[in-house]
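Under this note's numbering, the letters of the sequence shown match residues 160 to 536, in that order. Virtual Cβ for every residue (Gly too), placed ideally from N, Cα, C. Predicted, not measured: the structure shown is a model, and the values here were computed from it. What follows is a set of notes on a single structure, which appears directly below.
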Amino acid sequence: MDLNKKNMKNLMILIVFAVLVLVGVQRIENLAAGIIFLCRIVFPFILGGAMAFILNIPLHFLENKLFAKAKKKKFVRPLSLVLSILFVLAILQIVLVVVIPEIATTFASISKNIEAFLPKLEQWVTDAFPDSEQIGLWIDSLEFNWDKIIQSAVSFLKNGAGNVLSSTVTVAKTVINSLMNFFVGFVFACYILLQKEKLSVQVKKVLYAFLPRHAVEKTLQVAALSYKTFSNFVTGQCLEAVILGTMFFVSMSILRFPYALLVGVLIAFTALIPIFGAFIGCVLGTFLILVSNPVQAIGFVILFFVLQQVEGNLIYPHVVGGSVGLPSIWVLVAVTVGGSLMGVVGMLIFIPLSSVIYALFRGWVYKRLEDRGIHDI
Numbered sequence: 160m161d162l163n164k165k166n167m168k169n170l171m172i173l174i175v176f177a178v179l180v181l182v183g184v185q186r187i188e189n190l191a192a193g194i195i196f197l198c199r200i201v202f203p204f205i206l207g208g209a210m211a212f213i214l215n216i217p218l219h220f221l222e223n224k225l226f227a228k229a230k231k232k233k234f235v236r237p238l239s240l241v242l243s244i245l246f247v248l249a250i251l252q253i254v255l256v257v258v259i260p261e262i263a264t265t266f267a268s269i270s271k272n273i274e275a276f277l278p279k280l281e282q283w284v285t286d287a288f289p290d291s292e293q294i295g296l297w298i299d300s301l302e303f304n305w306d307k308i309i310q311s312a313v314s315f316l317k318n319g320a321g322n323v324l325s326s327t328v329t330v331a332k333t334v335i336n337s338l339m340n341f342f343v344g345f346v347f348a349c350y351i352l353l354q355k356e357k358l359s360v361q362v363k364k365v366l367y368a369f370l371p372r373h374a375v376e377k378t379l380q381v382a383a384l385s386y387k388t389f390s391n392f393v394t395g396q397c398l399e400a401v402i403l404g405t406m407f408f409v410s411m412s413i414l415r416f417p418y419a420l421l422v423g424v425l426i427a428f429t430a431l432i433p434i435f436g437a438f439i440g441c442v443l444g445t446f447l448i449l450v451s452n453p454v455q456a457i458g459f460v461i462l463f464f465v466l467q468q469v470e471g472n473l474i475y476p477h478v479v480g481g482s483v484g485l486p487s488i489w490v491l492v493a494v495t496v497g498g499s500l501m502g503v504v505g506m507l508i509f510i511p512l513s514s515v516i517y518a519l520f521r522g523w524v525y526k527r528l529e530d531r532g533i534h535d536i
């Protein structure tokens, strides 16, 4: 190898990298502690970036639709930001004032409904299977004791979370740290949104100063595609969830199903999880109605599949449509892999992320085919 200046520089970088990897392997515990410490420092800013991304969706809509013809442009951005924050707070207020009391009332009545449901279940099973003594004995052995269940849950929380809740000081420290992270993240998000054009220019200057021009252009292209895909996915998925939850609430109210508001909210929240979410809501809603009226539970399942067909064939293609540009089979793969790695958050992240990767890979494949003169596939 010719040991010129460029090769010597690359060799030195390789040696330094190898030494760092060796030291990291030998001091893996210290390295892990350092990474955790760094994540704690960076977490408020990551949280702020996520807040800014979410708030930027209504802010962008307000600036370009509601205040597009405003004369005093310098007041448009702060006003749009305030309205966006108030919009999010209004949604949280609705959840706190309407949904949570409804959940408390529902769980209070579930205990009574289950106690009343067990004798009905026993009678139904006895009538359906008159010659089966084992099923009758099993039904007789069923016992529902709400106080015992609560005591078991409290005992589980004490045993399972004893290390976390071992003292009032630990709890107070956790609450204070969470509030501080939220406050720093919120301020950082507001700064990003108020100065996003200026920050964009600064980032471009840094990229052009240290990277080749073609690398910067490719990076900016990927960033624009990622933002567009994630924004369309979040907007479409939230709107589709609200529409589906409203459809269930209205339909159940008209048909006089119990727990219409609670089930509608559950369906709306679980519908945010692609593919599997609505079915999770169906299972929860069926259980809630089952302990009150088994016949209506069957009717609810039928109603679910009817509304699911309407949503899947009419609403989803127009509201979400091809916003993520990902074929159905890869949506299923993205949901499965994301759920396995990061749970529900992974399901929500991996679909737009996979869409970005799919779009980049598809463009690269088409370019390769074009370079090779292949046009008839």
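A straight-line Cα-Cα distance of about 14 Å links residue 361 and residue 353.
Judged by DSSP in its simplified three-state form, residue 370 adopts coil rather than helix or strand. Judged by their CB atoms, residue 456 and residue 440 are not nearer to each other than the 8 Å cut-off. Judged by DSSP in its simplified three-state form, residue 389 adopts helix. C-alpha of residue 231 to C-alpha of residue 408: approximately 42 Å in a straight line. Take the alpha-carbon of residue 222 and the one of residue 357: they are about 17 Å apart. Rounded to the nearest angstrom, the gap between the Cα atoms of residue 208 and residue 369 is 24 Å.
Annotation for residue 218: 239, 240, 243 and 352 place their beta carbon closer than 7 Å to its own, counting only its chain and skipping 5 residues before and after. Straight through space, the alpha carbons of residue 184 and residue 192 are spaced by roughly 13 Å.
Between the stretch 377 to 385 and the stretch 511 to 521 there are three or more C-beta pairs closer than 8 Å, enough to call the two in contact. Rounded to whole angstroms, the gap between the alpha carbons of residue 410 and residue 464 is 13 Å. Take residue 214, set aside five residues on each side of it, and the residues of its chain with a beta-carbon closer than 8 Å to its own are 240, 243, 244, 247, 348 and 352, in chain order. The beta carbon of residue 506 lies closer than 7 Å to those of 432, 433, 494, 497 and 498 in the same chain, with the five residues before and after it left out.
Counting the other Cβ atoms within 10 Å of the Cβ of residue 399 gives 16 or more, which makes it buried. Annotation for residue 500: no residue places its beta carbon closer than 6 Å to its own, counting only its chain and skipping 5 residues before and after. Secondary structure note for residue 247: its alpha helix (DSSP H) is the uninterrupted segment 235 to 253.
Scanning 422, 172 and 427 for the CA closest to the CA of residue 445 turns up 422.
Exclusion of the five residues before and after residue 449 leaves 456 as the residues of its chain whose Cβ lies within less than 7 Å of its Cβ. Distance from the CA of residue 527 to the CA of residue 462, rounded to the nearest whole angstrom, comes to 49 Å. Relative to the Cα of residue 344, the nearest Cα in the group 211, 395, 374 and 406 belongs to 211. Within its own chain, the residues whose Cβ lies closer than 7 Å to the Cβ of residue 427, once the five positions on either side in sequence are excluded, are 400, 401, 403 and 404, listed in chain order. By the neighbour-count criterion, in which a residue is buried when 16 or more other Cβ atoms sit within 10 angstroms of its Cβ, residue 371 is exposed.
Here residue 532 is exposed, its C-beta having fewer than 16 other C-beta atoms within 10 Å. In the same chain as residue 436, and ignoring 5 residues on each side of it, the C-beta atoms closer than 7 Å to its own belong to 429 and 430, in chain order. Under the three-state reduction of DSSP, residue 359 is assigned to helix.
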